[in-house]
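Residue numbers (UniProt numbering): 1 to 319.
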Amino acid sequence: MKTFTTWAGAPLGERGAVAAIGNFDGVHLGHRSVIELARAEAARRGVPLGVVTFEPHPRQHFAPDAAPFRLMNAEARSNRLAKLGIDHLYELPFDGRLAALTPEAFAREVLHEGLGLAHVVIGQDFRFGKGRAGDVAALRRFGDDLGFRVTVADLLENAAGEVSSTAIREALTDGRPRDAAAMLGHWHRIEGEVLHGDSRGHALGYPTANMSIHGLHRPRFGVYAVRVDVLSGPHVGSHDGVASIGVRPMFGENVPNCESYLFDFKGDLYGTHLSVALVEFLRDEAKYDSLNALVAQIERDCTRAREILAQDPPLPWRP
Numbered sequence: 001m002k003t004f005t006t007w008a009g010a011p012l013g014e015r016g017a018v019a020a021i022g023n024f025d026g027v028h029l030g031h032r033s034v035i036e037l038a039r040a041e042a043a044r045r046g047v048p049l050g051v052v053t054f055e056p057h058p059r060q061h062f063a064p065d066a067a068p069f070r071l072m073n074a075e076a077r078s079n080r081l082a083k084l085g086i087d088h089l090y091e092l093p094f095d096g097r098l099a100a101l102t103p104e105a106f107a108r109e110v111l112h113e114g115l116g117l118a119h120v121v122i123g124q125d126f127r128f129g130k131g132r133a134g135d136v137a138a139l140r141r142f143g144d145d146l147g148f149r150v151t152v153a154d155l156l157e158n159a160a161g162e163v164s165s166t167a168i169r170e171a172l173t174d175g176r177p178r179d180a181a182a183m184l185g186h187w188h189r190i191e192g193e194v195l196h197g198d199s200r201g202h203a204l205g206y207p208t209a210n211m212s213i214h215g216l217h218r219p220r221f222g223v224y225a226v227r228v229d230v231l232s233g234p235h236v237g238s239h240d241g242v243a244s245i246g247v248r249p250m251f252g253e254n255v256p257n258c259e260s261y262l263f264d265f266k267g268d269l270y271g272t273h274l275s276v277a278l279v280e281f282l283r284d285e286a287k288y289d290s291l292n293a294l295v296a297q298i299e300r301d302c303t304r305a306r307e308i309l310a311q312d313p314p315l316p317w318r319p
C-alpha cells in the first residue's frame, strides 16, 4: 500500500484511482461497505483502489481539548486498511488550510487537481468543505463539472441498529467488546509501542507490556481476556493473555494505560509494537488489601481468560 500525505499534486502515474472518502475511525463494517463499492468500481476500471482520510481527525482539529474519542490511531488505521488490500492511502493533513476550503474548492483542488481521482465513493452522511457545507448532492454536482463520478453507499445496519463509530464507542464504554466487534467486523484493538514501566508486574510474577492509550477512546476500565499480536522485533507472533486498562488504583496511579500479560511468553518486548485485541470483559479494576490478594485475583483472571479464549467460538467475521 502506497501512502500519500499531501494533496498537492499526485504524480501523473498515480492518478486516476477510485477512492472511498471518510475518517474511517475503527474501519468498521459500515466503512467496509463503502470500501467494497470502491473496490468493485476500481476493478471494473482496472485502476488502483484508494482511501482518502484525514490526520488528525477533523474533530481533533476543531476541538483539541475534547475528551479522547478515537477508536484507533493513524498507525492502527493504516494497518487495518492495508489488510483490506488498499492500493493507495491518501492520509491528508487536516489543518487550517484544508479546513478553510469551500466545498467547491475541496472538490476541485483536492480531489480533482490534487489527487486526480476518477471516481469517489462516500456514505450518505458525508459532509465536506468549510463549515461542513458540502453534501452528497453538492459533490455530485462538482463531480459532473470536473469529470469525476460519485457513488453513495447506503448506511449499514445490524440487529441493534445503525453501525457507527458512536455505537461502537458506547459498546466499549459499557464493557461489551463482542458487541463492538460485531459492528467493527474485527476485534477492537489497541496498538502501539511497548513502553518502560515500573516493573511491578515482573516483581509479582506477571510481567506486563505497557502501552499508552493517550488520544484513544477509553474502554470500560478493568481486566479483559485478550489476543495479542507482536508486530515487530524478534518475537513476532500471536499470544493469548489478559490486559488491564485503567489507572492502577492498587498503586495510586492516575494516568490510564493498557498493561498486557502474555501467557507462556518469555522475552523482552520493550520498544516493539503490539496489537491488543479486546475479546471479553472480565471485571472492573479494584484496590486490594494486600499484594497477595492482588496476585490471587490475577491468577483467577488468567484461569478464566484461558477458558474463554480456548473456546474460540466461531465468528461471522475474521477478527
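Note that the Cβ used here is the ideal one computed from N, Cα and C, for glycine as well.
* To do: Give the straight-line distance between the Cα atoms of A19 and R227, rounded to the nearest whole angstrom.
  => To locate residue 19, count along the sequence shown from 1; it is residue 19. To locate residue 227, count along the sequence shown from 1; it is residue 227. So the alpha carbons of these two residues sit roughly 32 Å apart.
* Nonlocal neighbours in the same chain, by C-beta distance under 6 Å from L216, ignoring five residues either side -> Within the sequence shown, residue 216 is the residue found at index 216, counting from 1. Take L216, set aside five residues on each side of it, and the residues of its chain with a beta-carbon closer than 6 Å to its own are P68 and R70, in chain order.
* To do: Please report how far the alpha carbon of R218 lies from the alpha carbon of G26, in whole angstroms.
  => Looking up residue 218 in the sequence shown gives position 218. Looking up residue 26 in the sequence shown gives position 26. Take the alpha-carbon of R218 and the one of G26: they are about 14 Å apart.
* To do: Can you tell me which of the three DSSP states A66 falls into?
  => Taking the first residue of the sequence shown as 1, we reach residue 66 at position 66. Three-state result, A66: coil.
* Asked: beta strand (DSSP E) containing G237: first to last residue?
  -> Taking the first residue of the sequence shown as 1, we reach residue 237 at position 237. Run containing G237: G237 to G246, per the beta strand (DSSP E) assignment.
* **For C258: DSSP bridge partner residues** => As a first step, residue 258 is located in the sequence shown; it is residue number 258 there, counting from the start. According to DSSP, C258 bridges with M211 and I245.
* Considering only residues of the same chain and omitting the five flanking positions on each side of R39, which have a CB-CB separation below 7 Å? -> Counted from its first residue, the sequence shown places residue 39 at position 39. If we look at R39 and ignore the five residues flanking it on each side, its Cβ neighbours are L49.
* Roughly how many whole angstroms lie between the Cα atoms of R248 and A286? -> Within the sequence shown, the letter at position 248 stands for residue 248. Within the sequence shown, the letter at position 286 stands for residue 286. Their Cα atoms are separated by approximately 8 Å.
* Look at the alpha carbon of I308 and the alpha carbon of A225, and state the distance between them as a whole number of angstroms. => Here residue 308 is taken as the residue at index 308 of the sequence shown, counted from 1. Here residue 225 is taken as the residue at index 225 of the sequence shown, counted from 1. Roughly 7 Å separates the two Cα atoms.
* Spatial neighbours of I122 in its chain, beta-carbon cut-off 8 Å, leaving aside the 5 residues before and after -> Position 122 of the sequence shown, counting from 1, holds the residue named residue 122. Exclusion of the five residues before and after I122 leaves A20, I21, G22, V34, V136, L139, V150, T151, V152 and A153 as the residues of its chain whose Cβ lies within less than 8 Å of its Cβ.
* When we look at the beta-carbon of S275 and count the other beta-carbons within 10 Å, is it buried (16 or more) or exposed? -> Here residue 275 refers to the residue found at position 275 of the sequence shown. Buried is the call here.
* Asked: According to DSSP, what are the bridge partners of A50?
  -> As a first step, residue 50 must be located in the sequence shown, where it is residue number 50. Per the sequence presented here, residue 50 reads as Gly, with Ala not at that position. In the DSSP output, where bridge partners are listed per residue, G50 has A19 and H88.
* Quick one: is S78 buried, meaning 16 or more other Cβ sit within 10 Å of its Cβ, or exposed? -> Locating residue 78 in the sequence shown gives position 78, where the first residue counts as 1. The residue is buried, with at least 16 neighbouring Cβ atoms inside 10 Å.
* To do: Output yes or no for whether 8 Å exceeds the beta carbon distance between G129 and F94.
  => The sequence position of residue 129 within the sequence shown is 129, counting from 1. The sequence position of residue 94 within the sequence shown is 94, counting from 1. Going by C-beta atoms, G129 is not nearer than 8 Å to F94.
* Is it the case that the Cβ atoms of M183 and H31 are separated by a distance below 8 Å? -> Within the sequence shown, the letter at position 183 stands for residue 183. Within the sequence shown, the letter at position 31 stands for residue 31. With a cutoff of 8 Å on beta-carbon distance, M183 and H31 are scored as not near each other.
* Run through DSSP, which three-state label would R304 get? -> As a first step, residue 304 is located in the sequence shown; it is residue number 304 there, counting from the start. Three-state DSSP puts R304 in a helix.
* Report yes if the C-beta distance between G267 and A118 is below 8 Å; otherwise report no. => Against the sequence shown, residue 267 aligns to sequence position 267. Against the sequence shown, residue 118 aligns to sequence position 118. For G267 and A118, no; Cβs fall outside 8 Å.
* What's the gap between the Cα of L172 and the Cα of K83? -> Reading the sequence shown from its first residue, position 172 is the one you call residue 172. Reading the sequence shown from its first residue, position 83 is the one you call residue 83. Rounded to the nearest angstrom, the two C-alpha atoms are 23 Å apart.
* **Bridge partners - P93, DSSP secondary structure assignment** => For the purposes of this step, residue 93 is taken as residue 93 along the sequence shown, with counting starting at 1. In the DSSP assignment, P93 forms a beta bridge with E55.
* Asked: Comparing alpha-carbon positions, which option in L81, R45 and E113 lies nearest L12?
  -> Looking up residue 12 in the sequence shown gives position 12. The residue from L81, R45 and E113 with its alpha-carbon nearest to that of L12 is E113.
* By Cβ distance below 6 Å, which residues in the same chain neighbour residue 320 in space, the five residues on each side in sequence not counted? -> A question about residue 320 goes unanswered here, because the residues of the chain that appear run from 1 up to 319.
* Quick one: Cα of D284 to Cα of L231, how far? -> The count along the sequence shown starts at 1 and reaches residue 284 at position 284. The count along the sequence shown starts at 1 and reaches residue 231 at position 231. Rounded to whole angstroms, the gap between the alpha carbons of D284 and L231 is 28 Å.
* To do: Can you say whether N292 is buried or exposed, counting buried as having 16 or more other CB atoms within 10 angstroms of its CB?
  => Taking the first residue of the sequence shown as position 1, residue 292 is located at position 292. Residue burial annotation: N292 is exposed, with fewer than 16 other C-beta atoms found within 10 angstroms of its C-beta.
* For D284, which beta-bridge partners are listed by DSSP? -> Counting from one through the sequence shown, the residue named residue 284 turns up at place 284. In DSSP, D284 forms no bridge with anything.
* Asked: Considering only C-alpha positions, which residue in the set M72, R300, E41 and T5 is nearest to E191?
  -> Translated into positions along the sequence shown, residue 191 becomes position 191. Checked all of M72, R300, E41 and T5; the closest Cα to E191 is M72.
* Can you tell which of C258, G143, G246 and S238 has its C-alpha closest to the C-alpha of F265? -> In the sequence shown, counting from the first residue as 1, residue 265 sits at position 265. Residue S238 is the option with its Cα nearest to F265.
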